[in-house]
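Novice: Handing you a structure now.
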Amino acid sequence: MADAVISVRDLHKSYDGFEAVRGIDLEVGRGEIFAFLGPNGAGKTTTVEILEGYRTRSAGEVSVLGIDPESADRAWRNRVGFVLQESRLVPELTPREAVEEYAGYYSSPRDIDETVRLVGLTEKADVRTAKLSGGQQRRLDVALALIGDPELLFLDEPTTGFDPSARRQTWDVIAGLAKLGKTIFLTTHYLDEAQTLADRVAILSAGKIVATGSPESLGDRGMHTEIRFRLPKQLDVADLPDRIAREARSDAGMITLNVADPVPVLRELTTWAEGRGVGLPGLNVGSPNLEDVYLELTDGGSRVMKRATR
Amino acid sequence: MNGAALVLHQFRFDQKIFWRNPAAVFFTALLPLIFLFILASVFDNAEISGLDVKGATYYVPAILTLAVISATTVKLATNLPAEREAGQLKRVRGTPLPPAVFVAGRVGNSLVITAIMVVLVSVIGALIYGVDIPTNTMPALLVTLVVGAFSFSCLGFALAAVIPTEDAAPAVTNATVLPLYFLSGVFIPQDELPSGVLDFANIFPIRHFFEAMFTAWDPHTMGSGFEWGHLAVVAAWGLFGLIVAVRYFRWEPRR
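In order, the protein sequence lines correspond to chains A and B. As numbered in our numbering, residues 683 to 992 make up the first sequence, in order. As numbered in our numbering, residues 502 to 756 make up the second sequence, in order.
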């Protein structure tokens, strides 16, 4: 990549004999929102903390803004912002004060009020942070990461544990940052988050990247369109047109078809239904999404679920 | 911002945070004053045998000893592990703020609280209990305060470094200093303590700090009142604390 902000070659990290990261290569270009997607324990935070300079690596090459983060200095920290996975705020300060405190740490900080507004906290600017909701606190976290006007922002699971409206507000903030031209490295275990925000996604499983690409290209990768409908009670799978009956999976009357080319199949199906004079209750045509790719790539989901609940 | 301006910036926020936390203000600023009122009132006219001073004259330097240690060791050793486990130190470490400036802000914060407490305790002692503020021994008092405040700040960072969790912080800190206050004559007049107890307390810095402090307040002190021997022990402990802190202090939670 011509203008890579982050460049990683064959990164490895072991703790006490356990290999958490097993040979990762990735490049993130300037202005890109890059999502690092994977279940808990896949190695996301380990990787991001190596990129942030919090952790040393066991092997491989890492360059972030042209510098090895292991030798990060003040000048480098002036150019990056971190939203850590877990970091509480100082309850005694207000959002405006917290942002003002952090503004003092940077050589050319952004405007304080404007930054508070950017994360949607203007109305809460003078309320103690202890009184903010989880979503508001997280957005203040983003403001603290942003106040130094960094070129690169790391957001480690920025919406974990949020209710849907708080997530959406935080997404709006993150999408707004991209408009400022920031490069954003996002880790998440939410597929919809990656799909909504990211230009490019890397899917991580057991310390390795198993797929990279745009959310759309990953979705297209050999995935079929899913057609679902409920079979009218008086009919049986065998009553369907032959070609459809062969492909059909029946689950308590709910028929699922996975087809490469949905248009002719739908035409045949609807023609058949009209001819029979029956409806197709609950007809649903689903486009492939990241979730399908994700489950396919991370071993059918069984291991994902086990790891996630461990 | 240059280094000094940045220290001032950090100090300003540390002060704001301190005065807005009622529990911190109570334990650091009010509790020593409450102890002063109780002890100086109860023992006001009781002669401290062997020292030939009245109770209040004994307890003003005793409570000052307590106040300095509360504002430094106790405050740092209870706050820092909590901030570390909350991920706050880790977040600060990710900014361009130099660690030395962060430390200087915290120590400055403790020194200013110490100074406020010294003034309050001295003024209350003088106005209510008629305990004269030192004049001839004022330089010795100031040197003692400076050596003590720095050394006990270092010990605060050292304790913070070895305390594993947020929950353990107040317990470990109080279990360390409270017995030593009793054994060092801060609460119980030293003439009531068996000599074996004082010998034991002499291993630790609190007893020596109190001795130097008492000499500065003792009306019988002849000369300038510098207790270099005691101050050397306090400073040695401070240096030990500094080494432990530099070696073991962590910015990241221990999860």
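We put the beta carbon where it would ideally sit given N, CA and C, even for glycine.
1) Identify whether Tyr682(B) lies in helix, strand or coil by the three-state DSSP scheme.
2) DSSP on Gly742(B), reduced to helix/strand/coil?
3) Please name the residue, chosen from Tyr788(A), Phe911(A), Pro944(A), that lies closest to Arg931(A) on a Cα-to-Cα basis.
4) Just confirm the distance between the C-beta atoms of Phe519(B) and Asn610(B), as a whole number of angstroms; I'd bet it's less than 8 Å.
5) Is DSSP giving Lys915(A) helix, strand or coil here?
6) Scan the region 739–814 of chain A and note each continuous alpha helix (DSSP H) run of 4 residues or more that stays entirely inside, going in chain order.
7) How about Ser769(A): is its C-beta nearer than 8 Å to some C-beta of chain B?
8) Using DSSP with H/G/I as helix, E/B as strand and the rest coil, what is Ser725(B)?
9) Going by beta carbon distance, what residues of the same chain come within less than 7 Å of Gly863(A), once the five residues before and after it are set aside?
10) For the putative contact between Ile866(A) and Leu835(A), defined by C-beta atoms under 8 Å, what is the C-beta separation to the nearest angstrom?
11) Compare the C-beta of Leu775(A) with all C-beta atoms of chain B and state if any pair is closer than 8 Å.
12) Determine whether the beta carbon atoms of Leu868(A) and Phe718(A) lie at a separation below 8 Å.
13) Give every residue of the same chain whose Cβ lies closer than 6 Å to the Cβ of Pro914(A), excluding the five residues on either side of it in the sequence, and list them in chain order.
14) Between Pro720(B) and Asp633(B), which are expected to be in contact by the criterion C-beta below 8 Å, what is the C-beta distance as a whole number of angstroms?
15) What's the C-alpha gap between Val554(B) and Ala713(B)?
16) Would you list the residues sitting across from Ile688(A) in a DSSP beta bridge?
17) Between the Cα of His709(B) and those of Leu567(B), Asn522(B), Leu660(B), spot the shortest distance and give me the residue it belongs to.
18) Does DSSP put Ser652(B) in a helix, in a strand, or in coil?
19) Check whether the Cβ atoms of Val746(A) and Leu733(A) lie closer than 8 Å to each other.
20) For Leu693(A), which residues does DSSP report across the bridge?
21) Is it buried or exposed for Asp793(A), if we count other Cβ within 10 angstroms and need 16 for buried?
22) Taking the alpha-carbon positions, what's the Val892(A) to Ala857(A) distance?
23) Let me know if Ile614(B) comes out buried or exposed under the rule of 16 or more other beta-carbons within 10 Å of its beta-carbon.
24) Quick one: which chain A residues come within Cβ less than 9 Å of Leu507(B)?
25) Please name the residues in the region 860–875 of chain A whose beta-carbon is closer than 9 Å to at least one beta-carbon of chain B, in chain order.
26) Kindly indicate which three-state DSSP category Gly606(B) falls into: helix, strand or coil?
27) Quick check: is the beta carbon of Leu766(A) nearer than 8 Å to any beta carbon in chain B?
28) Which partner residues does Ile891(A) have in the DSSP bridge list?
29) Compute the distance between the beta-carbons of Gly735(A) and Glu752(A), then report whether it is under 8 Å.
30) Taking the continuous alpha helix (DSSP H) assigned at Asp823(A), which residues delimit it?
31) What would DSSP say about Phe700(A), mapped onto helix, strand or coil?
32) Short check: CB of Gly895(A) to CB of Gly725(A), under 8 Å?
33) Look up Arg985(A) in the DSSP assignment and say whether it is helix, strand or coil.
34) Would you verify that the beta carbon of Glu548(B) is, or is not, closer than 8 Å to some beta carbon of chain A?
35) Would you kindly check if the distance between the Cβ of Phe727(B) and the Cβ of Val644(B) is under 8 Å?
36) Which of the three DSSP states is assigned to Val632(B) in this structure?
Specialist: This is what the structure holds:
1) For the purposes of this step, residue 682(B) is identified with residue 181 of the second sequence, where counting begins at 1. Look at Tyr682(B) here: in three-state DSSP terms it is helix.
2) Within the second sequence, the letter at position 241 stands for residue 742(B). DSSP places Gly742(B) in helix when its eight states are reduced to three.
3) As a position in the first sequence, residue 931(A) is number 249, starting the count at 1. Considering only alpha carbons, the answer is Phe911(A).
4) Against the second sequence, residue 519(B) aligns to sequence position 18. Against the second sequence, residue 610(B) aligns to sequence position 109. Contact holds; Cβ gap of about 6 Å.
5) One-based indexing of the first sequence puts residue 915(A) at position 233. Coil at Lys915(A), not helix or strand.
6) Within the region 739–814 of chain A, the runs of alpha helix (DSSP H) at least 4 residues long that lie entirely inside it are, in chain order, 756–759, 777–785, 794–800.
7) Taking the first residue of the first sequence as position 1, residue 769(A) is located at position 87. A Cβ of chain B is located within less than 8 Å of the beta carbon of Ser769(A).
8) Residue 725(B) sits at position 224 when you count from the first residue of the second sequence. Three-state result, Ser725(B): coil.
9) Within the first sequence, the letter at position 181 stands for residue 863(A). Cβ-Cβ distances below 7 Å link Gly863(A) to Gly713 in the same chain, with the five nearest sequence neighbours on each side left out; the list follows chain order.
10) Position 184 of the first sequence, counted from the start, is the residue given in the question as residue 866(A). Position 153 of the first sequence, counted from the start, is the residue given in the question as residue 835(A). Their Cβ separation, rounded to whole angstroms, is 5 Å, which keeps Ile866(A) and Leu835(A) in contact under 8 Å.
11) If you number the first sequence from 1, residue 775(A) lands on position 93. Leu775(A) counts as touching chain B.
12) Residue mapping note: residue 868(A) aligns to position 186 of the first sequence, counting from 1. Residue mapping note: residue 718(A) aligns to position 36 of the first sequence, counting from 1. Yes, the pair counts as a contact, with Cβ atoms nearer than the cut-off.
13) Along the first sequence, one-based indexing puts residue 914(A) at 232. Excluding sequence neighbours, Pro914(A) sits near Val960.
14) Working through the second sequence from its first residue, we reach residue 720(B) at position 219. Working through the second sequence from its first residue, we reach residue 633(B) at position 132. At roughly 7 Å, the Cβ-Cβ gap stays under 8 Å, so Pro720(B) and Asp633(B) are in contact.
15) Position 53 of the second sequence, counted from the first residue, corresponds to residue 554(B). Position 212 of the second sequence, counted from the first residue, corresponds to residue 713(B). Rounded to the nearest whole angstrom, the CA to CA distance from Val554(B) to Ala713(B) is 16 Å.
16) One-based indexing of the first sequence puts residue 688(A) at position 6. According to DSSP, which records beta bridges pairwise, Ile688(A) is partnered with Val710(A), Val746(A).
17) As a first step, residue 709(B) is located in the second sequence; it is residue number 208 there, counting from the start. Nearest C-alpha to His709(B): Leu567(B).
18) Here residue 652(B) is taken as the residue at index 151 of the second sequence, counted from 1. In this structure, Ser652(B) counts as helix in the three-state DSSP scheme.
19) Along the first sequence, one-based indexing puts residue 746(A) at 64. Along the first sequence, one-based indexing puts residue 733(A) at 51. With contacts defined by Cβ atoms closer than 8 Å, Val746(A) and Leu733(A) form a contacting pair.
20) Sequence index remark: in the first sequence, residue 693(A) carries index 11 (1-based). For Leu693(A), the beta-bridge partners assigned by DSSP are Ile706(A).
21) Mapped onto the first sequence, residue 793(A) falls at position 111. Counting the other CB atoms within 10 Å of its CB gives Asp793(A) a total below 16, which places it among the exposed residues.
22) Residue numbering aside, residue 892(A) sits at position 210 when the first sequence is read from its first letter. Residue numbering aside, residue 857(A) sits at position 175 when the first sequence is read from its first letter. Going from the Cα of Val892(A) to the Cα of Ala857(A) covers about 26 Å.
23) As a working mapping, residue 614(B) is identified with position 113 in the second sequence. With 16 or more other Cβ atoms within 10 Å, it is buried.
24) Here the question's residue 507(B) lines up with position 6 in the second sequence. The contacting residues are Gly786, Tyr787.
25) Those residues of the region 860–875 of chain A that come within reach of chain B (Cβ to Cβ, closer than 9 Å) do not exist; the list is empty.
26) Against the second sequence, residue 606(B) aligns to sequence position 105. Reduced to three states, the DSSP call for Gly606(B) is helix.
27) Taking the first residue of the first sequence as 1, we reach residue 766(A) at position 84. In terms of beta-carbon proximity, Leu766(A) lines the interface with chain B, with at least one pair separated by less than 8 Å.
28) By 1-based counting over the first sequence, the position of residue 891(A) is 209. In the DSSP output, where bridge partners are listed per residue, Ile891(A) has Leu886(A).
29) Numbered from its first residue, the first sequence carries residue 735(A) at position 53. Numbered from its first residue, the first sequence carries residue 752(A) at position 70. Yes, the pair counts as a contact, with Cβ atoms nearer than the cut-off.
30) On the first sequence, position 141 is the one that residue 823(A) refers to. Segment 816–828, the alpha helix (DSSP H) holding Asp823(A).
31) Within the first sequence, numbered from 1, the residue matching residue 700(A) stands at position 18. Strand, per DSSP.
32) As a first step, residue 895(A) is located in the first sequence; it is residue number 213 there, counting from the start. As a first step, residue 725(A) is located in the first sequence; it is residue number 43 there, counting from the start. Result no, Cβ atoms of Gly895(A) and Gly725(A) do not sit closer than 8 Å.
33) The sequence position of residue 985(A) within the first sequence is 303, counting from 1. Because Arg985(A) carries a pLDDT of 41, less than 50, the predicted location of this residue cannot be relied on, and no value is offered for it.
34) Walking along the second sequence from the start, residue 548(B) turns up at place 47. It does not; no Cβ of chain A falls within 8 Å.
35) Translated into the one-based positions of the second sequence, residue 644(B) becomes position 143. Translated into the one-based positions of the second sequence, residue 727(B) becomes position 226. Taking 8 Å as the Cβ cut-off, Val644(B) and Phe727(B) qualify as a contacting pair.
36) The residue you call residue 632(B) lines up with position 131 of the second sequence. Three-state result, Val632(B): coil.
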